[in-house]
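According to our numbering, the first sequence is numbered sequentially starting from 7.
Heads up, the beta-carbon is just placed ideally off N, CA and C, and yes, glycines get one too.
The structure presented is a predicted model; accordingly, all values stated were derived computationally and were not measured.
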Amino acid sequence: MINSQSNKIRVRIAPSPTGLLHIGTTRTALFNYIFAKKFQGNFILRIEDTDLERSKKEYEKDIVESLDWLGIKWDEYYKQSERMDIYEKYIKKLLKEDKAYYCFCTEEELEAQKQYQISIGQAAHYSGKCRGLSKDEINENLKEKKPFVIRFKIPDSSKKIVFDDLIRGKIEFDPELIGDFIISKGLKKPFYNFAAAVDDFEMKISHVIRGEDHISNTPKQILIQEALGFSQPKYAHLPLVLGPDKSKLSKRHGATAISEYIEKGYLPETLINFMAFLGWNPGTEREIYNIVSLIKEFSLENIQKGGAVFNVKRLDYLNGFYIRQKSDKKITELCIPYLIKADLIEPLNGDCPDGVHCPETVSLFEEEKPEFKIKESNEIIDFDYLKKVVKTYQERLRYLSEIAELTDFFFKAQLEYDKDLLKWKDMDDKQVFDTLDKLEKILSKTESKDFNKENLEKVLMLEAGKAGDRGKLLWPLRVALTGKKASAGPFEIAEILGKEKCLKRIGEAKELMK
RNA sequence: GGCCCUGUCGUCUAGCUUGGUCUAGGACGUCAGAUUCUCAAUCUGGUGACACGGGUUCAAAUCCCGUCAGGGCCA
Numbered sequence: 007m008i009n010s011q012s013n014k015i016r017v018r019i020a021p022s023p024t025g026l027l028h029i030g031t032t033r034t035a036l037f038n039y040i041f042a043k044k045f046q047g048n049f050i051l052r053i054e055d056t057d058l059e060r061s062k063k064e065y066e067k068d069i070v071e072s073l074d075w076l077g078i079k080w081d082e083y084y085k086q087s088e089r090m091d092i093y094e095k096y097i098k099k100l101l102k103e104d105k106a107y108y109c110f111c112t113e114e115e116l117e118a119q120k121q122y123q124i125s126i127g128q129a130a131h132y133s134g135k136c137r138g139l140s141k142d143e144i145n146e147n148l149k150e151k152k153p154f155v156i157r158f159k160i161p162d163s164s165k166k167i168v169f170d171d172l173i174r175g176k177i178e179f180d181p182e183l184i185g186d187f188i189i190s191k192g193l194k195k196p197f198y199n200f201a202a203a204v205d206d207f208e209m210k211i212s213h214v215i216r217g218e219d220h221i222s223n224t225p226k227q228i229l230i231q232e233a234l235g236f237s238q239p240k241y242a243h244l245p246l247v248l249g250p251d252k253s254k255l256s257k258r259h260g261a262t263a264i265s266e267y268i269e270k271g272y273l274p275e276t277l278i279n280f281m282a283f284l285g286w287n288p289g290t291e292r293e294i295y296n297i298v299s300l301i302k303e304f305s306l307e308n309i310q311k312g313g314a315v316f317n318v319k320r321l322d323y324l325n326g327f328y329i330r331q332k333s334d335k336k337i338t339e340l341c342i343p344y345l346i347k348a349d350l351i352e353p354l355n356g357d358c359p360d361g362v363h364c365p366e367t368v369s370l371f372e373e374e375k376p377e378f379k380i381k382e383s384n385e386i387i388d389f390d391y392l393k394k395v396v397k398t399y400q401e402r403l404r405y406l407s408e409i410a411e412l413t414d415f416f417f418k419a420q421l422e423y424d425k426d427l428l429k430w431k432d433m434d435d436k437q438v439f440d441t442l443d444k445l446e447k448i449l450s451k452t453e454s455k456d457f458n459k460e461n462l463e464k465v466l467m468l469e470a471g472k473a474g475d476r477g478k479l480l481w482p483l484r485v486a487l488t489g490k491k492a493s494a495g496p497f498e499i500a501e502i503l504g505k506e507k508c509l510k511r512i513g514e515a516k517e518l519m520k
């Protein structure tokens, strides 16, 4: 047996660029990454793009950008499409050593055979019909340009294939039941199991940490390794990430791509922390982990065997937690792209067409005084103004994109809401009108320089207290200013809006009640 | 259909290796209360699980067997 192993830990993640980077794949990437870093090993990113029709450059870009955004850094990067010669070399080797053979069976033949096998209650697998083809027969078929596949010849010895899974223990398979599987279509289109086995060896992968859905691929890969004289990596099969119905997480369960979560405004630390706990836990009651502490605490022994349901409620909770941890400045910087995207404001110094990934947004904040224009009113506002707005809503945010709908009233020239919303409990139009009128008078008397939260609170709470039920005064005030049934408190909002706008909005509310 | 994996609150899980400290712990959710003009945040409390059936044992969530259920892969 060729021994390619040094003691160095080398792991890989092997996504196909046939779709956006999936949560499940990313969780596997995370575990591989922290495992590698824990043991000073290497983490390899291998793009499995042998399926040239379905592989897309844009998806490869998405994989790279998403991992990068999460802070999962690879040490080596490979693309299978650039390694075709290697696979072909090994295919030829197997052919030459009679460990694989040409198969010219047609789809129809195969299908008929399968149906028959199922009908007699047999495992459906290839019969080995083309095993016995002579050299001449093969050459003749090749000359006729008949399409062919290369099949792996299951060795006759019927010994069980056994491997020791680091998470699940011994797993056994009967090679008889596998059948001569296809390793390549023609000579130049290697199939998944073959390319993976070859690459894992060539790349000196020490541990294959992957999803449970690959358990049944493992015996095939082991067979290939044995036929080629490769050493065997250690295997660890992770539990699957599940949807609410307990089946493998997929599109029909909703958002499954990391980029979708980025766009919605989840933080990388949230996703890291959350994904780590999908199938792993430290065995203590601590639940907040960043990538560094994960590397420190991680252990394959603490990995769960059963699948884990992806619970968005919990993700939201965690994201809210991390959002609340952010400094005023930081959270404002993070929210601004979403305000821009919602078409509420636009940056004055520098264009920023498209929020989150936009490099201009980042550079924006490096300028001394970034300024913005409110789209509806053309007013110019500065970073500090936005900071006040965002800060007011920071503790209410579950994900960043919510900022737009929560704070849009700060940027609207005209509020639109049902006039009945202004009524607290059983107030009638007249009572609301009088209340607004009273508010108008009090606020007009307040000097602009005293138009701040503390002062307003002092004055208005005193007034609100007189009525007994403070809602009678405060609710109409808040609705007049925001147009919403739920919002932050009226005093802080009033301060940000400023005297002039507050009076204008109260006046507009009065109009509604006339 | 065949093979394989799994099974503790609705969800993520601790406990299972080395049976007793488990009247099964934590977190999210949910419900109630406090706070409060609303929402959120925060605090307090409640709710809620060892899939089932047999063993083994003085004693089983923990060990053994079976059943059932769910999932994955292949085609």
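Extent of the continuous alpha helix (DSSP H) to which residue i belongs
{"i": "R511", "result": "K505 to M519"}
{"i": "F158", "result": "F158 -> not in any alpha helix (DSSP H); beta strand (DSSP E) instead, spanning V155 to F158."}
{"i": "E82", "result": "Unbroken run through E82 is the beta strand (DSSP E), E82 to K85; no alpha helix (DSSP H)."}
{"i": "N147", "result": "K141 to K149"}
{"i": "I346", "result": "D334 to K347"}
{"i": "W75", "result": "K63 to L76"}
{"i": "D322", "result": "V318 to Q331"}
{"i": "L296", "result": "This sequence places Asn at residue 296; Leu is not what is there. Looking at the DSSP string, N296 is not in any alpha helix (DSSP H), and its letter there is neither H nor E."}
{"i": "A233", "result": "T224 to L234"}
{"i": "P482", "result": "G477 to T488"}
{"i": "E469", "result": "K459 to K472"}
Sequence-distant residues of the same chain with beta carbon closer than 6 Å to residue i, five excluded per side
{"i": "Y272", "result": "N325 and Y405"}
{"i": "L518", "result": "K425"}
{"i": "I167", "result": "F179, P181, P225 and I228"}
{"i": "Q310", "result": "P245 and G285"}
{"i": "D360", "result": "Only weak support exists for where D360 lies, its pLDDT of 45 falling under 50; the value from the coordinates is given anyway. Closer than 6 Å at the Cβ level, and outside the excluded window around D360, lies no residue."}
{"i": "L403", "result": "I329"}
{"i": "I340", "result": "It should be noted that the sequence gives Leu, not Ile, for residue 340. Answer for L340: L406, listed in chain order."}
{"i": "K505", "result": "S454 and F457"}
Endpoints, beta strand (DSSP E) assigned at residue i
{"i": "N48", "result": "N48 to I53"}
{"i": "S190", "result": "I188 to K191"}
{"i": "L109", "result": "Reading the sequence as shown, one finds Cys at residue 109 and not Leu. First-last of the beta strand (DSSP E) with C109: A106 to C109."}
{"i": "I409", "result": "Unbroken run through I409 is the alpha helix (DSSP H), E408 to T413; no beta strand (DSSP E)."}
{"i": "I19", "result": "R16 to I19"}
{"i": "D440", "result": "Segment D435 to K451 is the alpha helix (DSSP H) holding D440; no beta strand (DSSP E) there."}
{"i": "I309", "result": "Looking at the DSSP string, I309 is not in any beta strand (DSSP E), and its letter there is neither H nor E."}
Nearest-angstrom Cβ-Cβ length linking residue i and residue j, presumed shorter than 8 Å
{"i": "L509", "j": "A500", "result": "Not quite, the Cβ-Cβ distance comes to about 10 Å (not below 8 Å), so this is no contact."}
{"i": "N48", "j": "E88", "result": "About 19 Å; that fails the 8 Å criterion."}
{"i": "T398", "j": "E514", "result": "Contact flag wrong, Cβ pair sits at about 22 Å."}
{"i": "V396", "j": "I329", "result": "At roughly 10 Å, the Cβ-Cβ gap does not stay under 8 Å, so V396 and I329 are not in contact."}
{"i": "K381", "j": "E411", "result": "K381 to E411, Cβ: 16 Å. No contact."}
{"i": "L306", "j": "I173", "result": "6 Å"}
Identified DSSP bridge partners for residue i
{"i": "P353", "result": "F378"}
{"i": "D170", "result": "K176"}
{"i": "E103", "result": "E103 is not bridged to any residue."}
{"i": "R216", "result": "H243"}
{"i": "K254", "result": "L248"}
{"i": "D388", "result": "E377"}
{"i": "H28", "result": "A263"}
{"i": "P196", "result": "S190"}
{"i": "W286", "result": "I309"}
Sequence-distant residues of its chain with Cβ nearer than 7 Å to residue i (five each side left out)
{"i": "Q238", "result": "I228 and Q231"}
{"i": "A202", "result": "A20 and Q227"}
{"i": "P365", "result": "With a pLDDT of only 40 at P365, under the threshold of 50, the placement of this residue in the model should not be trusted; the figure read from the coordinates follows. Result list for P365: empty, nothing under 7 Å."}
{"i": "A470", "result": "R476, L479 and L480"}
{"i": "R511", "result": "L421, A486 and L487"}
{"i": "K176", "result": "V168 and D170"}
{"i": "N9", "result": "Reliability of the predicted coordinates at N9 is poor, the pLDDT of 44 falling under 50, and no value is obtained from them."}
{"i": "M7", "result": "Unreliable positioning characterises M7 in this predicted model, as indicated by a pLDDT of 40, which lies under 50. A coordinate reading is not provided."}
Neighbourhood of residue i by C-beta, 8 Å cutoff - its chain only, sequence neighbours within 5 removed
{"i": "K516", "result": "F439, L442, D443 and E446"}
{"i": "N199", "result": "F187, I189, N223, K226, Q227 and I230"}
{"i": "A261", "result": "Y267 and K270"}
{"i": "K62", "result": "P23 and T24"}
{"i": "F45", "result": "I15"}
Check: residue i C-beta below 7 Å from any heavy atom of the ligand SAM
{"i": "K332", "result": "Among the components of this structure there are no ligands whatsoever, and the ligand SAM is therefore not found."}
Within the chosen definition, does the segment 57 to 74 reach the segment 302 to 316 through at least 3 CB pairs nearer than 8 Å?
no
For the segment 295 to 309 and the segment 52 to 59, state whether three or more C-beta atom pairs, one from each stretch, are separated by less than 8 Å. no
Counting Cβ pairs, one atom from each stretch, are 3 or more of them under 8 Å apart for the segment 30 to 50 and the segment 236 to 250? yes
(Q) Does the contact criterion of 3 or more C-beta pairs under 8 Å hold for the segment 338 to 346 versus the segment 275 to 285? (A) no
**Message:** Taking contact to mean 3 or more Cβ pairs, one atom from each stretch, closer than 8 Å, check whether the segment 151 to 165 and the segment 105 to 112 are in contact.
**Reply:** yes
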